[in-house]
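Here is the structure we will look at, set down as structure tokens.
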Ligand SMILES: NC(=O)c1ccc[n+]([C@@H]2O[C@H](COP(=O)([O-])OP(=O)(O)OC[C@H]3O[C@@H](n4cnc5c(N)ncnc54)[C@H](O)[C@@H]3O)[C@@H](O)[C@H]2O)c1
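Residue numbers (my numbering): 1346 to 1605.
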């Protein structure tokens, strides 16, 4: 009986691969046997160098908001490895951390462009490859901020609500073709992005960052921040045949935060 969690011979494309969650996920997918196509707007070979020595990998610098560049990375992945079996549609930005009245329209548009248009373009260009194969798994990165309102990151929250809507609609359109589409909703993950949000929220509340972090952790039933590896584990599960009957789901990885 083959191990249904393994990804041997499969190709996984990961966007935002130079970031904390993207890099941890690329490492785990490679450790489970996948070939990795690592996409980021930053030229950063570190994510690929951190993969297991045995891993076959390709790093591509591309902007997920640019349709030509998205088409380009999809083509490059297929040219090099022949298929795209798993797609972690993950690149995202937090934008400004400010109340709506102080938020700039320029950043509003930028956050929607990366977090929502980027995810849409990834779906638009990876789906035809997977439909031709009659097989594939797409995992978009949303957030628990896509499940409820979040002060001072309203635009980020709106973009992540949109990612969940895109995921569910895409799952309706394509599940049954052999392609599954899900999203992950990470909670408070120990990362550069969370530190930026905590520091700015603390400034608005007139308290220091450690106090702001304590306030946040108090509201997490697990009583700690999450680790990127813990998000990667769910993505790797969703990418695998073990998740063969899972589609249209928004998986929280949040230490119970949304249950509290
Ligand atoms: N860190 C958290 O606590 C947390 C919680 C919930 C959801 N998320 C989501 O997880 C995803 C990854 O977050 P992270 O913590 O690893 O952040 P990160 O900032 O470490 O990584 C994001 C990566 O995306 C890349 N990127 C940004 N814009 C891009 C573009 N236009 N084209 C290509 N690449 C681009 C960045 O260069 C960066 O390497 C994001 O979608 C984020 O919203 C993070």
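For every residue, glycine included, the Cβ atom is placed at its ideal position computed from N, Cα and C.
Exclusion of the five residues before and after residue 1382 leaves 1358, 1403, 1422 as the residues of its chain whose Cβ lies within less than 6 Å of its Cβ. With a cutoff of 7 Å on beta-carbon distance, residue 1577 and residue 1534 are scored as not near each other. With a minimum length of 3 residues, the unbroken runs of beta strand (DSSP E) contained wholly in the region 1395-1477 fall at 1402-1406, 1431-1434.
Residue 1380 sits buried, since 16 or more C-beta atoms from the chains shown fall within 10 Å of its C-beta. Cβ neighbours of residue 1545 within its own chain (closer than 6 Å, five residues either side excluded): 1442. Cβ neighbours of residue 1592 within its own chain (closer than 7 Å, five residues either side excluded): 1516, 1520, 1525, 1526, 1527. Taken through DSSP and simplified to helix, strand or coil, residue 1571 comes out as strand. Per DSSP, residue 1550 is one residue of the alpha helix (DSSP H) stretching across 1537-1550. Secondary structure of residue 1510 (DSSP, three-state): helix. A Cβ-Cβ contact shorter than 7 Å links residue 1360 with residue 1384. A distance below 7 Å separates the beta carbons of residue 1378 and residue 1352. Contact between residue 1571 and residue 1532 holds: CB atoms are separated by about 6 Å, below the 8 Å threshold. Under the 8 Å Cβ criterion, the region 1453-1460 counts as touching the region 1497-1505, having at least three qualifying pairs. Comparing alpha carbon positions, the residue from 1566, 1600, 1374 closest to residue 1431 is 1374. Only exposed fits residue 1446, as fewer than 16 other CB atoms lie within 10 angstroms of its CB. Runs of the alpha helix (DSSP H) lying entirely within the region 1359-1398, each at least 4 residues long, are 1365-1376, 1391-1394 in chain order.
Around the C-beta of residue 1536, 16 or more other C-beta atoms lie within 10 Å, and the residue is accordingly described as buried.
Counting the other CB atoms within 10 Å of its CB gives residue 1599 a total of 16 or more, which places it among the buried residues.
For a cut-off of 8 Å, the C-beta gap from residue 1407 to residue 1418 is around 5 Å, short enough to register as a contact.
By the Cβ-count criterion, residue 1493 is exposed, with fewer than 16 other Cβ atoms from all chains shown falling within 10 Å of its own Cβ. Close CB contacts of residue 1568 within its chain, under the 7 Å cut and outside five residues either way in sequence, are with 1562 (chain order).
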